[in-house]
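Participant: Can you keep this structure in mind? I'll have questions shortly.
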Ligand code: IMP
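Residue numbers (my numbering): 1 to 180.
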């Protein structure tokens, strides 16, 4: 099937992202001084954010990833979440910080936090780059937040549409030609 034509408009520039990542890293460093947190990135979307954030964090830390089912090929949440690829690191007794690229309905992250909580970490916190609160279906408490965004579908900086656009260095709004 041929690709549709999309218009990409920069919503958050790479400079703004960088400044925000630096700000988040400062907040995290302050709270985790003297600890050795385990950062858990949610694949695939958080891989760019995780890479930039961890390089701003001069803390002793470990990193792991978990892969959850998500939207699949559509742009609306199915509400069904499952672990597709699990953690390699035991988290019992660890200070766990979850790194997520985006929270929309909140269903994905709520599922993950409940899943992790059952494994009895010493602490469990959440760092989210972008939050779209207008479609929330369950309440989510975000400890470290980058940007609050309007209800637009965004791509870039790790975020995709059908596996495309993850490599864009800016966060862009995606509008198909008929929609604007
Ligand atoms: P939630 O369960 O509705 O909060 O959705 C979270 C997941 O949906 C994220 O991890 C993303 O994979 C995906 N998602 C939600 N909104 C967007 C978006 O605007 N662009 C790209 N992916 C999105």
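Just so you know, even glycine gets a beta-carbon here, dropped at the ideal spot from N, CA and C.
Beta strand (DSSP E) containing residue 81: first to last residue?
Facilitator: The sequence position of residue 81 within the chain shown is 81, counting from 1. No beta strand (DSSP E) holds residue 81; DSSP gives it neither H nor E.
Participant: Under 8 angstroms by Cβ, that's how I've got residue 121 and residue 92 pegged, so tell me the actual separation to the nearest angstrom.
Facilitator: Walking along the chain shown from the start, residue 121 turns up at place 121. Walking along the chain shown from the start, residue 92 turns up at place 92. Their Cβ separation, rounded to whole angstroms, is 7 angstroms, which keeps residue 121 and residue 92 in contact under 8 angstroms.
Participant: Once DSSP output is grouped into helix, strand and coil, what is the label at residue 175?
Facilitator: As a first step, residue 175 is located in the chain shown; it is residue number 175 there, counting from the start. Three-state result, residue 175: strand.
Participant: Among 42, 94, 31, which residue has its Cα nearest to the Cα of residue 143?
Facilitator: As a working mapping, residue 143 is identified with position 143 in the chain shown. Per the Cα distances, 31.
Participant: How should residue 25 be labelled, buried or exposed, when 16 other C-beta atoms within 10 angstroms of its C-beta is the threshold for buried?
Facilitator: Here residue 25 corresponds to residue number 25 of the chain shown, with the count starting at 1. Buried, since its Cβ has 16 or more Cβ neighbours within 10 Å.
Participant: Let me know the secondary structure DSSP gives residue 142 once reduced to three states.
Facilitator: The count along the chain shown starts at 1 and reaches residue 142 at position 142. Three-state result, residue 142: coil.
Participant: Can you round the beta-carbon distance between residue 97 and residue 125 to whole angstroms, since I take them to be within the 8 angstroms contact cut?
Facilitator: The count along the chain shown starts at 1 and reaches residue 97 at position 97. The count along the chain shown starts at 1 and reaches residue 125 at position 125. Taking C-beta atoms under 8 angstroms as the contact rule, residue 97 and residue 125 qualify, at a distance of about 5 angstroms.
Participant: Residue 62 lies in the beta strand (DSSP E); which residues open and close that run?
Facilitator: Along the chain shown, read from residue 1 onward, the residue named residue 62 stands at position 62. Per DSSP, residue 62 belongs to the beta strand (DSSP E) from 62-68.
Participant: To test your reading of the DSSP string, which unbroken alpha helix (DSSP H) runs of 4 or more residues are found completely within the stretch 102-173?
Facilitator: 107-117
Participant: Is the beta carbon of residue 169 less than 8 angstroms from the beta carbon of residue 33?
Facilitator: For the purposes of this step, residue 169 is taken as the residue at position 169 of the chain shown. For the purposes of this step, residue 33 is taken as the residue at position 33 of the chain shown. No, the Cβ-Cβ distance between residue 169 and residue 33 is not below 8 angstroms.
Participant: Between residue 146 and residue 110, what straight-line distance do the alpha-carbon atoms span, to the nearest angstrom?
Facilitator: Walking along the chain shown from the start, residue 146 turns up at place 146. Walking along the chain shown from the start, residue 110 turns up at place 110. Answer to the nearest angstrom: the Cα atoms are 18 angstroms apart.
Participant: Alpha carbons only, please: which of 40, 21, 127 is nearest the one belonging to residue 85?
Facilitator: The count along the chain shown starts at 1 and reaches residue 85 at position 85. For the residues 40, 21, 127, the minimum Cα distance to residue 85 belongs to 40.
Participant: Output the distance between the C-alpha atoms of residue 94 and residue 17, rounded to the nearest integer angstrom.
Facilitator: Numbered from 1 along the chain shown, position 94 holds the residue referred to as residue 94. Numbered from 1 along the chain shown, position 17 holds the residue referred to as residue 17. Using only the alpha carbons, I get a separation of about 29 angstroms.
Participant: Is the closest heavy atom of the ligand IMP to the C-beta of residue 103 under 7 angstroms?
Facilitator: Numbered from its first residue, the chain shown carries residue 103 at position 103. Correct: residue 103 has its Cβ closer than 7 angstroms to the ligand IMP.
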